Amino acid sequence: MLQAGRTYLFLALFLGLRAFGNLSLAIGTKRLPENLSAHPMGFLSSMIDPYVAGGILMLIVALLVRMALLSLADLSFVLPMTAVGYVIAAALGRVFLNEPVTAWRWLAVGLIFAGAAMVGSTPRSTTAPAEKPR
Amino acid sequence: MTWLLVAITVVATVLSDLLQSYEMKRVGEQSVDARGMARLAVMIVRRRYLLLSVVCLAFSFFAFMALVQIAPLSFAVPASAASFILETVLAKLLLHEKIGTRRAAGAFLVLCGVVMLGR
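Residue numbers (the working numbering), protein chains in the order written: chain D, 1 to 134; chain A, 1001 to 1119.
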C-alpha cells in the first residue's frame, strides 16, 4: 500500500514538472530570433533564455523522478499513465499560449482520461526487480 | 521539417525508454529525496545503458525543442506520443512485461485520444 502511494506521488510530481517544463520551453523557444532546426548552434545560445533554461531544469528533474518511478512500476504502466500529460499540455497551450483547442480536441481529452483510468486499475508491476535496493 | 523532427523525437525516445526501464529494473527501487537524486545522477555515469539512454534522450530533447519552436505546444506534445504503441509492444517483447487485455485496451484508448488531439 505504501509503495502504491509512492508510485502515484512520483507520477504526480513527474507530470507537473514535465508539463510546466514543456510550457516554459515552448515560451522560450518561440521568442528566439533564430530557427533552431536550421541553425543547430542556436541551441547553445538559447540556454541563456530564462524560460528555456527553466524548462530544461524542470525536465531534468522530471527525468530523475521518472527513473525512480520506473524502479517501482512497469514501463507499460508508466507510459499510459503519463499520457495524461498530453491533456495537460493541450490545456496549458490553450491557457498560456492562446492556442485554439476545438471540441474535437476536448473529445480526445475525454478518451485519454478514460484510457488512463483503465490502465490505472491494472497491477502496477508485473516483473520483480533483479537486485535489492541500495 | 515538422514531421522529420517528430520522427527523430519518437525513435530516440523509444530507444531511451527501453534502455532506462531495463537498467532501472536491474538496479531496484530508488527514492527521490536529495540523496536519492544524487545517487541516480552518479548511477547514470556508472551504468552504460543508462548513459546511452541519456544520449538518446538528448537527441530526442533537441529535436523536440526545435519542434516546439515551429509547432503549437498542443500539437508537438501529442505528436511525440507516436512512440506509444511501439514502446508498449517492445516492453512486452524485450522487457517481458505482461500486457493484459484491460491494460492494452486502456493504452489503445489513450493512443486514439492522442492521435485525435494531434489533428
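Glycine included, C-beta positions come from ideal geometry on N, C-alpha and C.
The model shown is predicted, which means the values in this text are computed figures rather than measured ones.
Under the rule that 16 or more other beta-carbon atoms within 10 Å means buried, what is D/Q3, buried or exposed? As a first step, residue 3 of chain D must be located in the first sequence, where it is residue number 3. Taking all protein chains in view, the Cβ of D/Q3 is surrounded by fewer than 16 other Cβ atoms within 10 Å, so the residue is classified as exposed.
What does the Cβ neighbour count give for D/V95, buried or exposed, with the cut at 16 atoms within 10 Å? Position 95 of the first sequence, counted from the first residue, corresponds to residue 95 of chain D. So D/V95 counts as exposed.
Can the beta-carbon of D/L69 be found less than 8 Å from the beta-carbon of D/F113? Counting from one through the first sequence, the residue named residue 69 of chain D turns up at place 69. Counting from one through the first sequence, the residue named residue 113 of chain D turns up at place 113. Their beta carbons are not under 8 Å apart, which means D/L69 does not touch D/F113 by this criterion.
Unbroken stretches of the alpha helix (DSSP H), 4 residues or longer, contained in the stretch 1006-1059 of chain A: Counting whole runs of 4 or more residues, the stretch 1006-1059 of chain A contains the alpha helix (DSSP H) stretches 1034-1046.
Residues that A/L1040 contacts on chain D, provided the C-beta gap is smaller than 8 Å: Counted from its first residue, the second sequence places residue 1040 of chain A at position 40. Ordered by position in chain D, the residues that pass the 8 Å Cβ test against A/L1040 are L64, M67 and A68.
Looking at the structure shown, is D/M81 part of a helix, part of a strand, or coil, going by DSSP? Here residue 81 of chain D corresponds to residue number 81 of the first sequence, with the count starting at 1. Note: D/M81 maps to helix in three-state DSSP.
The alpha helix (DSSP H) with D/R66 in it runs from where to where? What you label residue 66 of chain D is simply residue 66 of the first sequence in a count that begins at 1. Per DSSP, D/R66 belongs to the alpha helix (DSSP H) from P50 to L72.
If the cut-off is 9 Å on Cβ atoms, which residues from the stretch 1056-1074 of chain A count as contacting chain D, listed in chain order? L1057, F1061, F1062, A1063, F1064, M1065, A1066, L1067, V1068, Q1069, I1070, P1072, L1073 and S1074
What residue does the alpha helix (DSSP H) around D/L37 start on, and which one ends it? In the first sequence, counting from the first residue as 1, residue 37 of chain D sits at position 37. The amino acid at residue 37 of chain D is misidentified as Leu; the sequence shows Ser. Note, D/S37: premise wrong, no alpha helix (DSSP H); not H, not E.
Would the beta-carbon of D/A26 fall within 8 Å of that of A/L1073? Your numbering for residue 26 of chain D matches position 26 in the first sequence. Your numbering for residue 1073 of chain A matches position 73 in the second sequence. In this structure, A/L1073 lies closer than 8 Å to D/A26 by Cβ.
Interface residues of chain A facing D/N22 [CB-CB closer than 9 Å]: Start at 1 with the first residue of the first sequence, and residue 22 of chain D comes out as number 22. Correct list: F1064, V1068, L1073, A1076 and V1077.
Output yes if chain A places a C-beta closer than 8 Å to the C-beta of D/G54; else output no. In the first sequence, counting from the first residue as 1, residue 54 of chain D sits at position 54. Judged by the 8 Å Cβ criterion, D/G54 is not in contact with chain A.
Using only CA atoms, which one of D/L11, D/R6 and D/A19 lies nearest to D/F91? Here residue 91 of chain D is taken as the residue at index 91 of the first sequence, counted from 1. According to the sequence displayed, residue 91 of chain D carries Ala and not Phe. Taking only the C-alpha atoms, the option nearest D/A91 is D/A19.
Distance, Cα to Cα, A/S1083 vs A/I1008? Start at 1 with the first residue of the second sequence, and residue 1083 of chain A comes out as number 83. Start at 1 with the first residue of the second sequence, and residue 1008 of chain A comes out as number 8. Looking at the two C-alpha atoms, the distance is approximately 11 Å.
So the alpha helix (DSSP H) D/V101 belongs to, where does it begin and stop? Position 101 of the first sequence, counted from the first residue, corresponds to residue 101 of chain D. Where D/V101 is concerned, there is no enclosing alpha helix (DSSP H), given that its DSSP letter is neither H nor E.
Measure from the alpha carbon of D/W104 to the alpha carbon of each residue in A/Q1069, A/G1106 and A/G1113, then state which is nearest. Start at 1 with the first residue of the first sequence, and residue 104 of chain D comes out as number 104. Of A/Q1069, A/G1106 and A/G1113, the residue nearest in Cα terms is A/G1113.
Leaving out five residues before and five after A/F1059 in sequence, what residues of the same chain have Cβ atoms less than 7 Å from its Cβ? Position 59 of the second sequence, counted from the first residue, corresponds to residue 1059 of chain A. Here the set comprises I1008 and A1012.
Checking 8 Å against the spacing of the C-beta atoms, do A/V1010 and A/S1053 come in under that value? Position 10 of the second sequence holds residue 1010 of chain A. Position 53 of the second sequence holds residue 1053 of chain A. Taking 8 Å as the Cβ cut-off, A/V1010 and A/S1053 do not qualify as a contacting pair.
Taking the alpha-carbon of D/P50 as reference, which of D/M41, D/N35, D/K30 and D/P40 has the nearest alpha-carbon? Along the first sequence, read from residue 1 onward, the residue named residue 50 of chain D stands at position 50. The candidate whose alpha carbon is nearest that of D/P50 is D/K30.
At least 3 beta-carbon pairs within less than 8 Å: the stretch 29-43 of chain D vs the stretch 1060-1067 of chain A: Enough Cβ pairs lie closer than 8 Å, so yes.
Is it right to say A/V1027 is buried, meaning 16 or more other beta carbons lie within 10 angstroms of its own, or is it exposed? Residue 1027 of chain A sits at position 27 when you count from the first residue of the second sequence. Buried, by the Cβ-count rule.
Taking just the CA atoms, how far does D/M47 sit from A/R1102? The residue you call residue 1102 of chain A lines up with position 102 of the second sequence. The residue you call residue 47 of chain D lines up with position 47 of the first sequence. C-alpha separation (whole angstroms): 43 Å.
Rounded to the nearest angstrom, what separates A/L1093 and D/V101 at their Cα positions? Start at 1 with the first residue of the second sequence, and residue 1093 of chain A comes out as number 93. Start at 1 with the first residue of the first sequence, and residue 101 of chain D comes out as number 101. When rounded, the distance between both Cα atoms is 37 Å.
CA-CA distance, D/P40 and D/A83? Here residue 40 of chain D is taken as the residue at index 40 of the first sequence, counted from 1. Here residue 83 of chain D is taken as the residue at index 83 of the first sequence, counted from 1. If you take the alpha carbons of D/P40 and D/A83, they lie about 29 Å apart.
For a quick check, are the C-beta atoms of D/N22 and D/G54 less than 8 Å apart? To locate residue 22 of chain D, count along the first sequence from 1; it is residue 22. To locate residue 54 of chain D, count along the first sequence from 1; it is residue 54. Not a contact, by the Cβ cut-off of 8 Å.
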